[in-house]
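These notes are about the structure you will find just below.
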Amino acid sequence: MPKTINSVCPKDCFGSCSLEVEVEKGKVIKVRGNRNSPVSQGRICSKGKNYPNLVYGPERLLYPLQRIGERGKSEFKRISWEQALNIIYEKLRGLRERYGPESVLYYVRFANLGVMKNCAYSFWYQFGGFTSTYGGLCDSAAQEAINLTYGKVKHNKISDLENSKLIILWGTNPAYTNIHLMHYLNKALDQGAKLISIDIR
């Protein structure tokens, strides 16, 4: 008999969508949006629906591998989790002792700016610090363009969108890329808001 477990999507968006995960015999069989979520209203995007394929996909690594051949030859051997953690520990400890914590570059970007990114930051703060990059080629470039066009963005909660009188969608299709936005957008339109879409498609 399947059971439902409440969870949250760790992907890269403001929604942090609440999920209902159906599990049977220890295996995820279905993922759906939680209808009780005030933000996502039970809606989730295709990435969220695809979680079972991601979890059980043939390309997913299920255990640690250590390179045994030359770099680029794709020769690896399976090792235990304990071995993998010990190798990582020794490498990081050596770098920190010899060069300082700033010798480690921590970089994370595409589709991983949500829950998991912040968990990883906690580790690196405990490590004593790290070196990182300022922004990236995706959202950071867009944010900088917004700052230069409108000034620094200080915005209200996403739910305030429903009170808008004019909504401009510039190079975006929220029905495809921000499905959790659609609830508030539709509510604003029902209340008489005007919608302008600027898009080359």
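Each residue of the sequence shown is one higher than the one before, starting from 1 at the first, in full-length UniProt numbering. Note that the Cβ used here is the ideal one computed from N, Cα and C, for glycine as well. These figures come from a predicted structure and were not determined experimentally.
DSSP assignment within the region 47-132 yields the following whole alpha helix (DSSP H) runs of 4 residues or more, N-terminal first: 51-56, 81-99 and 115-127. The Cβ atoms of PHE127 and LEU92 lie closer than 8 angstroms to each other. At a cut-off of 4 residues, the continuous stretches assigned as alpha helix (DSSP H) that sit fully inside the region 134-164 are 139-150. Taking the Cβ atoms as the reference, VAL21 lies roughly 5 angstroms from VAL31, within the contact range of under 8 angstroms. Counting along the chain, no alpha helix (DSSP H) covers ASN6; the unbroken beta strand (DSSP E) around it starts and ends at 3-8.
Close CB contacts of GLY33 within its chain, under the 8 angstroms cut and outside five residues either way in sequence, are with CYS17, SER18, LEU19, GLU20, SER40, GLN41, GLY42, ARG43, ILE44 and GLY48 (chain order). ALA188 sits buried, since 16 or more C-beta atoms from the chains shown fall within 10 Å of its C-beta. Here ILE87 is exposed, its C-beta having fewer than 16 other C-beta atoms within 10 Å. Here SER103 has LEU95 as same chain residues with Cβ atoms under 6 angstroms from its own Cβ, once five neighbours each way along the sequence are excluded. Contact holds between the region 184-200 and the region 157-173, because three or more Cβ pairs, one in each stretch, are under 8 angstroms apart.
Comparing alpha carbon positions, the residue from LYS3, SER37 and LEU185 closest to LYS27 is LYS3. By the criterion of a C-beta distance shorter than 7 angstroms, TYR107 is surrounded in its chain by SER132 and THR133, once the five residues flanking it on both sides are discounted. Sorting ASN156, LYS154, ALA142 and HIS183 by C-alpha distance to the C-alpha of GLY171 places ALA142 at the top. A check of alpha carbon separations from GLU75 across TRP81, LEU65, ALA84 and GLU82 identifies LEU65 as the nearest. Here TYR184 is buried, its C-beta having at least 16 other C-beta atoms within 10 Å.
One alpha carbon belongs to GLU90, the other to TRP124, and they sit about 15 angstroms apart.
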